[in-house]
Amino acid sequence: ALVPDQLVIDLLKEKIKDMDSYILDGFPRTIPQAEALDKEISVDRVVSFEAPEDTIIKRLSGRRVCKSCGAIFHTMFIIPKQEGICDKCSGELFQRDDDKPDAIKHRLVVYKEQTEPLIEYYEQKGLLVKVDASETDVDKIVQDAIKKIEQGE
Numbered sequence: 004a005l006v007p008d009q010l011v012i013d014l015l016k017e018k019i020k021d022m023d024s025y026i027l028d029g030f031p032r033t034i035p036q037a038e039a040l041d042k043e044i045s046v047d048r049v050v051s052f053e054a055p056e057d058t059i060i061k062r063l064s065g066r067r068v069c070k071s072c073g074a075i076f077h078t079m080f081i082i083p084k085q086e087g088i089c090d091k092c093s094g095e096l097f098q099r100d101d102d103k104p105d106a107i108k109h110r111l112v113v114y115k116e117q118t119e120p121l122i123e124y125y126e127q128k129g130l131l132v133k134v135d136a137s138e139t140d141v142d143k144i145v146q147d148a149i150k151k152i153e154q155g156e
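At position 127 of the sequence shown (counting the first as 1) the number is 130 in my numbering, and the numbers step up by one without a gap.
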């Protein structure tokens, strides 16, 4: 079962109360969560990393995880020295069910229904920063995000 939104927000408030800055990844995911969060915490920026669906599917479906140590690899970006074998502990690499194309497509449908409306919600508040994540150079994506966040774009 999912954890109630208010419980997540209360836990979050407690965790960040003494922090000057922080990044929330994957929360909020719905308008009601965002509205509840707004009542408790001041949000300065919201970053939306944007890429075409086929790029998202290709990236997520390429992820492999070590059964033994949990190390993460990728069939295109973090390629293990030996296919299917972890470089760190020689454990077996596997594809999580969540990273299979059909599961990713389902997650994208849920995203469009529940999370995508947050883009407009935060855009109307002037807090949204859009970053083109279709690029394969992760460092370039990160630098672009930092620049846009600092400039308040």
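Ideal Cβ positions, reconstructed from N, Cα and C, are used throughout, including at glycine. Predicted, not measured: the structure shown is a model, and the values here were computed from it.
Within the same chain, and ignoring the five residues on either side of E56 in sequence, the residues whose Cβ sits closer than 7 angstroms to its Cβ are L111. Bridge partners of R66 according to DSSP: H77. In the three-state scheme derived from DSSP, where H, G and I count as helix and E and B as strand, Q98 is classed as coil. It is roughly 36 angstroms from the alpha-carbon of G73 to the alpha-carbon of Y124. Taking the CA atoms as reference points, S93 sits about 43 angstroms from A37. Here F97 is not near K61, since their CB atoms are 8 angstroms or more apart.
Under the 8 angstroms Cβ criterion, the segment 119–139 counts as touching the segment 23–35, having at least three qualifying pairs.
For V50, there is no enclosing alpha helix (DSSP H); the residue is part of the beta strand (DSSP E) that begins and ends at 49–53. One alpha carbon belongs to V50, the other to K84, and they sit about 34 angstroms apart. Rounded to the nearest angstrom, the gap between the Cα atoms of F52 and E116 is 17 angstroms. Taken in chain order, the complete alpha helix (DSSP H) segments of 4 or more residues contained in the segment 5–33 are 8–19. In the DSSP assignment, V134 forms a beta bridge with F52. Residue pairing from DSSP leaves I144 without any beta-bridge partner.
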